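Heads up, the thing below is written out as structure tokens.
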Amino acid sequence: MKPALKLAFQAEMAAANRYYQHAQYSDCFYHLERAHILGQSFVIAHTQSHWWMLKLGYKTKNKKEILGQIARIIAAMLFSKIWIPKGNTGGSNVNPFKPMAIPDDLAQHLK
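According to this note's numbering, the stretch in the sequence shown is residues 10 to 120, in order.
Laid out in structure tokens, this is it:
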């Protein structure tokens, strides 16, 4: 992972963690989605973003998110280096195979 991309990923994860600690779960999920977009081509970062989404699903008692993230964690470990749907935000609220538009501020780190 290039240094600028790594810093951007870490910033999104840090923001997610801050919101998680303050029980602001919607804001936390937003930053986890952004971290997922940045890290999905890298096994550890990709898996980490899904782990936190699973953790958030457990905290909010969201069964759909919990089950969806378990499957996505396995897929992240197996397929991150083979194929990923660019821009996919990673939550259980979206099709895991659907490519999505990448926000401009994140796209600059993925070039």
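Ideal Cβ positions, reconstructed from N, Cα and C, are used throughout, including at glycine.
As the structure is a computational prediction, the values presented were derived from the model and not from experiment.
Query, Result
"Within-8 Å CB hit, V52 to chain D", "The chain labelled as chain D is not found in the depicted structure, where only one protein chain is given."
"Identity of the residue in N102, K107 and I93 nearest L47 by Cα", "I93"
"Inter-stretch contact at 8 Å, needing at least 3 Cβ pairs: the stretch 10-25 / the stretch 71-80", "no"
"Straight-line gap, A8 to L119 (C-alpha atoms, nearest Å)", "With the chain running from 10 to 120 in the structure shown, residue 8 is simply not present."
"Burial state of S35 (16 or more Cβ within 10 Å)", "exposed"
"Cβ separation of G99 and E21, assumed to be a contact under 8 Å, to the nearest whole Å", "About 12 Å separates the two Cβ atoms, so there is no contact after all."
"R27 classed as buried or exposed, judged by whether at least 16 other C-beta atoms fall within 10 angstroms", "exposed"
"Inter-residue Cα distance where the pair is I53 and L63", "15 Å"
"Beta-carbon contacts of K95 that lie in its chain and below 6 Å, excluding the five residues immediately before and after", "P108"
"Reduced DSSP secondary structure (H/G/I, E/B, other) of G99", "coil"
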